[in-house]
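Residue numbers (our numbering): 1 to 531. Below is one structure, written out as structure tokens, with a few remarks after it.
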Amino acid sequence: MAVCARLCGVGPSRGCRRRQQRRGPAETAAADSEPDTDPEEERIEAGAAALSGAGGGRSAGPSSPPRCSLLELPPELLVEIFASLPGTDLPSLAQVCTKFRRILHTDTIWRRRCREEYGVCENLRKLEITGVSCRDVYAKLLHRYRHILGLWQPDIGPYGGLLNVVVDGLFIIGWMYLPPHDPHVDDPMRFKPLFRIHLMERKSATVECMYGHRGPHNGHVQIVKKDEFSTKCNQTDHHRMSGGRQEEFRTWLREEWGRTLEDIFHEHMQELILMKFIYTSQYDNCLTYRRIYLPPSRPDDLIRPGLFKGTYGSHGLEIVMLSFHGKRARGTKITGDPNIPAGQQTVEIDLRHRIQLPDAESLRDFNELSRIVLEVREQVRQEQEQEQEGGAQDAEGLGRQSPQPCEEPPAEPAQASGDGGAAAAAEPPAQSGQGQPFVLPVGVSSRNEDYPRTCRMCFYGTGLIAGHGFTSPERTPGVFVLFDEDRFGFIWLELKSFSLYSRVQAAFRNADAPSPQAFEEMLKNIQSLTS
């Protein structure tokens, strides 16, 4: 405030004031009277006067340039200056003096803040008809609910989900993102609105539940804490259908799977579908969401990390987040199933151990692929034992420091080839631009037969499998197959199954992690919820 008073050229004789408590943007901008002064304010004003040469026994010399005050600038120039400042700084500016407060009532300032900070591209001048100002939109809608913008995972037991809360015109809308219908993994994502918030009058924002087929109805949003919020429907009768639960199930099945129950001949798949409907319908009136971040990207990543759609047998398509962690990559489930719930690491890739596949004809032999992968697994096991033994020996040494993490050897990544020996180090196809033929071994099942027939490279990895209810989880060996920048696959040796993954082609705002540490902490949190 001292600097502000100095710039404005105001002191005790000019009526500069300071509030002791911060107000929200709407309260401060709409204030009509000046606050009272207090001793602390007088002290700041006196200090400002001293800094500007008005006190301390010093006077400006004849060669000093004339002091320029913001108060002397024309109002239209002040509007331009204030409109370029962050909206969160404007309440403090309104506390300086009556002139600033009056200028901050100009809707041009708040129209620009809505556009630059929240991407509102609508013609905000139309608001004048409804009596709602741009300042109201900023303070009572955008700023108030800014903490729920971004990506979230709903707490729906093992199934999870992906919610994207965005500013859409003069609304804040929560869109639930759904994978395409099984097994069309390359199709675009589907999405439906769960709730929306908008400003119909000057009093407060209105929250509406969008669930069901009877239109928007009364809802509620509660921000529990910074990275968690909940929604509640106050009119659940809007979710019901006249035909009862049977009609609701058939409608849900068409939306979720794009088919009818008669089209699904696999009995186990029918049971899984019915189980999911019964479980998820319990959450149609109240849901809690926890924030998730997109993985940070580094120049040396194998491919760009992000969200992918993947095939998971009878469970259908699920959403997986691919992230890189040094010499390893992980696939974390954003949506899940009763066997491997959302939040768990479905696959883990060891980027230090590349696998050189045999020729296409030999690759058709499942036993040959299995032999290659198991050789690499044994090599990984021996390396882990050596690292553990080396760490134990260092710990036993007298006078030595605490053992340090083992450094990665400078040698080329180990490769396993079809002849059973270590292949010579070669330029990776991803760097040379060359691919190699790829075909699934005979006996390996795939929900989508339209997979690429060439791949860039393959790595040893492990996949997480478990019984129903996430019982007896274990990591089993497999092959990570990189096809291109937007597609990869994983061969589950023990299950004799193949999962194909395709990138989610969508731009997400407010989804970047503030730091790599925050992203790692987020992964631990969502995993702990279902462990």
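Positions of the beta carbon are idealized from the N, C-alpha and C atoms, including for glycine. A quick note: this is a predicted structure, and the numbers were derived from the prediction, not measured.
Legend entry - Coil, strand or helix - F366 by DSSP: helix
Legend entry - Whether L141 touches L85 by CB criterion (8 Å): No; because the gap between Cβ atoms is not below 8 Å, this pair is not in contact.
Inset, instruction - Output the distance between the C-alpha atoms of R240 and P179, rounded to the nearest integer angstrom. - result: 24 Å
Inset, instruction - Go to K140, then tell me how far its alpha helix (DSSP H) extends in each direction, as first and last residue. - result: Note, K140: premise wrong, no alpha helix (DSSP H); not H, not E.
Legend entry - Paired residues, beta bridge with C233 - DSSP: G219
Legend entry - Backbone CA spacing between S445 and L351 [nearest angstrom]: 25 Å
Legend entry - From P74, K327, W110 and K276, residue whose alpha carbon lies closest to that of D89: W110
Inset, instruction - My understanding is that G306 touches R503, with C-beta atoms under 8 Å, so please give their C-beta distance in whole angstroms. - result: 6 Å
Legend entry - Separation of H353 from A411, as counted between CA atoms: Reliability fails at A411, whose pLDDT of 39 lies under 50, so the model's placement of it is uncertain and no value is given.
Legend entry - Secondary structure, alpha helix (DSSP H): runs of 4+ residues fully inside the region 466 to 496: none
Inset, instruction - Give the DSSP bridge partners of W175, in chain order. - result: N164 and P193
Legend entry - the region 515 to 526 touching the region 461 to 468, judged by at least three CB pairs closer than 8 Å: no
Inset, instruction - Can you tell me the Cβ-Cβ gap for L170 and V137, rounded? I've got them flagged as a contact below 8 Å. - result: The pair is a contact, with the Cβ atoms about 7 Å apart (cut-off 8 Å).
Legend entry - Per-residue DSSP class, three states only, for F438: coil
Inset, instruction - Within its chain, find whatever has a CB closer than 7 Å to the CB of R453; leave out the 5 residues flanking it on each side and keep chain order. - result: Apart from the 5 residues on each side of it in sequence, R453 sits with its Cβ closer than 7 Å to the Cβ of P437, F438 and V439 in its chain, given in chain order.
Legend entry - Unbroken alpha helix (DSSP H) run spanning Q345, endpoints: Premise fails: Q345 lies in the beta strand (DSSP E), Q345 to I355, not in any alpha helix (DSSP H).
Inset, instruction - Output the distance between the C-alpha atoms of L261 and H181, rounded to the nearest integer angstrom. - result: 14 Å
Legend entry - Nearest-angstrom Cα separation, counted from P75 out to R22: Confidence at R22 is low in this model, with a pLDDT of 43, below 50, so its placement is unreliable and no value can be given for it.
Legend entry - Cβ pair count under 8 Å reaching 3, the region 329 to 344 against the region 362 to 373: no
Legend entry - Check whether V207 and F195 have beta carbons under 8 Å apart: Yes, they are a contact pair.
Inset, instruction - State the DSSP-derived secondary structure class of M210, mapped to helix, strand or coil. - result: coil
Inset, instruction - Tell whether a beta-carbon distance below 8 Å holds between G219 and V167. - result: no
Inset, instruction - Would you kindly work out how many angstroms separate the C-alpha atoms of F229 and N367, rounded to a whole number? - result: 50 Å
Legend entry - Residue range of the beta strand (DSSP E) that includes M321: Per DSSP, M321 belongs to the beta strand (DSSP E) from L317 to H325.
Legend entry - Among S323, F483 and F277, the one whose alpha carbon lies nearest that of L294: When each option's Cα is compared against that of L294, the closest is S323.
Legend entry - Residues that DSSP places opposite M457 in a beta bridge: L482
Inset, instruction - Check whether the Cβ atoms of T476 and W492 lie closer than 8 Å to each other. - result: yes
Legend entry - Nearest-angstrom beta carbon gap, L357 and P154 [assumed within contact, 8 Å]: Contact doesn't hold; Cβ gap of about 39 Å is too wide.
Legend entry - Rounded straight-line distance, which links the Cα of A513 to that of E521: 10 Å
Inset, instruction - Would you tell me roughly how many angstroms separate the C-alpha atoms of Q431 and I303, rounded to the nearest one? - result: Per-residue confidence for Q431 stands at a pLDDT of 44, beneath the threshold of 50, marking its modelled position as unreliable; no derived number is given.
Legend entry - Whole-angstrom distance between T106 and L70, CA atom to CA atom: Rounded to the nearest angstrom, the gap between the Cα atoms of L70 and T106 is 17 Å.
Legend entry - G131 burial status per 10 Å Cβ neighbour count (16 or more: buried): exposed
Inset, instruction - Decide yes or no for the touch test of the region 212 to 227 against the region 142 to 153: beta carbon pairs closer than 8 Å, at least 3 of them. - result: yes
Legend entry - Identity of the residue in E72, R290, G443 and L73 nearest I156 by Cα: Minimum Cα distance to I156 is reached at R290.
Inset, instruction - Flag this pair as yes or no: are the beta carbons of M321 and T332 separated by less than 8 Å? - result: yes
Inset, instruction - Would you mind sorting S528 into buried or exposed? The rule is 16 or more other CB atoms within 10 Å of its CB. - result: exposed
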